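Heads up: the sequence shown at position 152 corresponds to 157 in the numbering used here, and the numbers run straight through without jumps.
Below: the structure, in structure tokens.
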Amino acid sequence: MAAADLWLEPGEDPQRVTDKLTEMANEKERSASLLRLAEEDLVQFMVKLSVEGFPQAVKVRRMQKYSGTILRSPEWNRDSPEDPWKPGLAVCQEIGHYGGSSEVLIRQDACGQICFQSGDKVTFCIPQAAEPGALPEAKLVMLSHTDRPAGSVLACCRIHLPRPGAGEGKPQPAPLSLDLHAFASKVVLSGLSIDVGEAELMRFFSKQGATKGIVAHARGCSFASITFPSAADIATFLGRDAHAFADDKETRIALLLNRVPMNSHSCSEQARLPALPAPSLRPGEEPSAVIINWTPLQLAIGY
């Protein structure tokens, strides 16, 4: 410690002051040796209340992040209502080097809302060792790369999105409950009410990394297209079911909720995407050629 002038209160024990300074120096050294975390690190911790009564993380441990490839994605099993998702499998050579199988169990509840396909590259952690004879179970499974076409659907779910306050003395508007389809760089929302615009949606989505929002109101149903910089940003958004964000000096929570796969319920319950009017057909100039014309639609062009 650097030398400093110390002023003691009348009757104060000098040894007590010295012990206090020593304790402060030790605490500073402990703080300097604390785990330094980087963005996208995976951690495990316990929660306890501080002296003021606020929750705080203790015993923080950085978890090893593994990389693997999806062999078989989790599948919906309508014949088992108690456990409707059949686990998938991923292969990780690094785990295989430790001895035993290189396969890892992938459960849908560890994947957020992402619908994986065979060949997708993923990252994950394994918080607990597997039981003897069982495969290790992956947690926090995140999409890192996919070779699927840009128009492939990465997720189909619902979003429960709190709305901003209507003003002092007015009741809080009910949260939006929207169907959500996610693609490589876009999220398409359906079921918007007529009073929802780009500005309101971007209050939330801009905090998730989105850069642009387009809303198109149509008779019977309105839609929105939200643009993200990359597929990695989409994957990060879909990888968590709960998103806390600050709005109007309050902390609100948006939820991504599971949808039953489309082949398991009626058409009236299926999530909708915006559709173009039926195209017109006319013969082309060359033999056996047909020209198909669609009516331009800004939202469809946007995504």
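All C-beta atoms, glycine included, are put in the ideal place defined by N, C-alpha and C.
These numbers were taken from a predicted model, which means no experiment stands behind them.
Query, Result
"Quick one: Cα of Gln-122 to Cα of Glu-108, how far?", "16 Å"
"Using 8 Å as the limit for Cβ to Cβ distance, is Tyr-103 near chain D?", "This model lacks chain D altogether; it includes just one protein chain."
"Please classify Leu-42 as buried or exposed, where buried requires at least 16 neighbouring CB atoms within 10 angstroms.", "exposed"
"Per DSSP, what are the beta-bridge partners of Cys-97 in this structure?", "Note: Cys-97 sits in no beta bridge, so no partner."
"DSSP three-state label for Glu-310, please.", "No information on residue 310 is available, as it lies outside the stretch 6 to 308 that the chain covers here."
"If we count the other Cβ atoms within 10 Å of its Cβ and call it buried at 16 or more, is Asp-88 buried or exposed?", "exposed"
"Express the C-alpha separation of Ile-231 and Pro-167 in angstroms, rounding to a whole number.", "17 Å"
"Would you kindly report the start and end of the unbroken beta strand (DSSP E) that includes Phe-250?", "247-252"
"Is Ser-227 closer than 8 Å to Leu-197 when the C-beta atoms are compared?", "yes"
"Count the other C-beta atoms from every protein chain shown that fall within 10 angstroms of the C-beta of Met-147, then say buried if there are 16 or more, exposed otherwise.", "buried"
"Quick check: what's the CA-CA separation for Leu-261 versus Arg-245?", "8 Å"
"Would you mind sorting Glu-290 into buried or exposed? The rule is 16 or more other CB atoms within 10 Å of its CB.", "exposed"
"Please classify Ser-182: does DSSP put it in a helix, a strand, or coil?", "strand"
"Given this structure, state the Cα-to-Cα distance separating Leu-145 from Phe-129, to the nearest angstrom.", "5 Å"
"Going by beta carbon distance, what residues of the same chain come within less than 7 Å of Arg-77, once the five residues before and after it are set aside?", "Gly-93, Leu-94, Ser-123"
"Have a look at Lys-53 and Gly-156 and give me their C-alpha separation to the nearest angstrom.", "45 Å"
"If you reduce the DSSP assignment to three classes, tell me which class Gln-177 lands in.", "coil"
"Roughly how many angstroms lie between the CA atoms of Arg-257 and Arg-208, to the nearest whole one?", "11 Å"
"Buried or exposed: which applies to Leu-286, given that a residue is buried once 16 or more other Cβ atoms fall within 10 Å of its Cβ?", "exposed"
"Which two residues bound the contiguous alpha helix (DSSP H) that contains Glu-205?", "203-210"
"Quick one: what's got a C-beta closer than 7 Å to Leu-113's C-beta in the same chain, skipping five residues either side?", "Reading off the sequence shown, one finds Gln at residue 113, where the question assumed Leu. Once the five neighbours on either side are set aside, the close Cβ partners of Gln-113 are Pro-79, Trp-90."
"Buried or exposed: which applies to Arg-163, given that a residue is buried once 16 or more other Cβ atoms fall within 10 Å of its Cβ?", "buried"
"Starting from Asn-298, follow its DSSP beta bridges and name the residues at the other end.", "Ser-285"
"According to DSSP, is Ile-239 part of a helix, a strand, or is it coil?", "helix"
"For a test of the three-state rule: what should DSSP assign to Gln-213, helix, strand or coil?", "helix"
"What is the DSSP secondary structure of Ala-115, counted as helix, strand or coil?", "helix"
"Would you say the beta carbon of Phe-209 comes nearer than 7 Å to a heavy atom of the ligand GDP?", "This structure lacks the ligand GDP; in fact it carries no ligand of any kind."
"Classify Tyr-71: buried if its beta carbon has 16 or more other beta carbons within 10 angstroms, exposed otherwise.", "buried"
"In this structure, how does DSSP classify Pro-60 when only helix, strand and coil are distinguished?", "strand"
"Quick one: using the 10 Å Cβ neighbour count with 16 as the cut-off for buried, is Asp-84 buried or exposed?", "exposed"
"Identify, in the order they occur along the chain, each residue of the same chain with its Cβ nearer than 7 Å to the Cβ of Cys-272, setting aside the five sequence neighbours on each side.", "Because the pLDDT at Cys-272 is just 40, under 50, the model does not fix this residue reliably, and the value given afterwards should be weighed accordingly. For Cys-272, where only same-chain residues beyond five positions count, there are no Cβ hits under 7 Å."
"Thinking C-alpha only, which one of Lys-212, Ala-240, Val-193 is nearest Ala-221?", "Val-193"
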